[in-house]
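In our numbering, the protein residues as written are 71 to 317.
Notes follow once the structure below has been shown.
Laid out in structure tokens, this is it:
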């Protein structure tokens, strides 16, 4: 069985699902303040996830499904997932966000396997806490991929698609990885890394570069297909791809 692991935010949807949810329930300014810390790398991701969840205390459970059902899809997502399933890939979403939102979103794409952090619900309302004390964050994303690959397939038959350094642990556990629609800043850093080798770059970033096989800079999901289903009959109008390979 071939496995295709996908990050969600910035990959299958152009929108951060937590911000989409916060906007729905009138908590966007508060959540943006929480997100500022992780953007500036001043605080840990787990703290951000837990603090963000606390802002949604007392919101109805139904709003989680509504958020997943209204998240925008990245261009070409539906056709691409359909084509991958026809090519006998099993698509799997792994997010460090909220599982209830991710699951509702996944249903729209016909994706039946989805992993994330489960918000606690009591009497039909969000408590602001998570069910598990252990959250899916960064390294645990990779741990989960490794476990699934061992159970269902092989590293050689597994691919991962992410959009930033947070997906590095996931990339390390598969045979082929695609960096999809990364930020312009990250793209520039990757290109400089190739041109200047290790000059001026941290060891961790060099290792991240080595784990990436292909960069797709444009936010069109169908551009993945020639790499994952290498047949000229698959979307021939999409064959001209702007890409960077890491060998």
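Ideal Cβ positions, reconstructed from N, Cα and C, are used throughout, including at glycine.
As the structure is a prediction and not an experimental result, all values here were calculated from the model.
Give the DSSP bridge partners of residue i, in chain order.
{"i": "residue 128", "result": "None; residue 128 has no bridge partner."}
{"i": "residue 85", "result": "None; residue 85 has no bridge partner."}
{"i": "residue 231", "result": "76, 248"}
{"i": "residue 195", "result": "130, 192"}
{"i": "residue 105", "result": "DSSP lists no partner for residue 105."}
{"i": "residue 184", "result": "163"}
{"i": "residue 275", "result": "Per DSSP, none; premise fails for residue 275."}
{"i": "residue 91", "result": "None, per the DSSP bridge assignment."}
Please return the same chain residues whose Cβ sits closer than 6 Å to the Cβ of residue i, not counting the five positions on each side in sequence.
{"i": "residue 215", "result": "75, 240, 243"}
{"i": "residue 237", "result": "77"}
{"i": "residue 250", "result": "81, 231, 233, 286"}
{"i": "residue 191", "result": "131"}
Who are the near neighbours of residue i in its chain, counting only those whose CB is closer than 7 Å to its CB and skipping five residues on each side?
{"i": "residue 300", "result": "none"}
{"i": "residue 281", "result": "238, 241, 242, 247"}
{"i": "residue 195", "result": "128, 129, 130, 131"}
{"i": "residue 297", "result": "248, 284"}
Using 10 angstroms around the beta-carbon of residue i, count the other beta-carbons present and answer buried if the total reaches 16, otherwise exposed.
{"i": "residue 167", "result": "buried"}
{"i": "residue 128", "result": "exposed"}
{"i": "residue 118", "result": "buried"}
{"i": "residue 96", "result": "exposed"}
{"i": "residue 276", "result": "exposed"}
{"i": "residue 150", "result": "buried"}
{"i": "residue 161", "result": "buried"}
{"i": "residue 252", "result": "buried"}
{"i": "residue 180", "result": "exposed"}
{"i": "residue 255", "result": "exposed"}
{"i": "residue 202", "result": "exposed"}
{"i": "residue 224", "result": "exposed"}
{"i": "residue 132", "result": "exposed"}
{"i": "residue 226", "result": "exposed"}
Indicate, with yes or no, if the ligand ATP has a heavy atom lying under 7 Å from the CB of residue i.
{"i": "residue 262", "result": "This structure does not include the ligand ATP; it has no bound ligands of any sort."}
What span of residues does the beta strand (DSSP E) with residue i cover, start to end?
{"i": "residue 191", "result": "189-192"}
{"i": "residue 285", "result": "284-286"}
What residue does the alpha helix (DSSP H) around residue i start on, and which one ends it?
{"i": "residue 211", "result": "209-222"}
{"i": "residue 293", "result": "Careful: residue 293 lies outside any alpha helix (DSSP H) and carries neither H nor E."}
{"i": "residue 240", "result": "238-241"}
Can you list, in chain order, the residues of its chain with a C-beta nearer than 8 Å to that of residue i? Leave out the 5 residues immediately preceding and following it.
{"i": "residue 85", "result": "79, 141, 142"}
Worksheet item: Could you give the uninterrupted runs of the beta strand (DSSP E) lying entirely in the region 122-176, keeping only those of 3 residues or more?
Response: For the region 122-176, whole beta strand (DSSP E) runs of length 3 or above, ordered along the chain, are 159-168.
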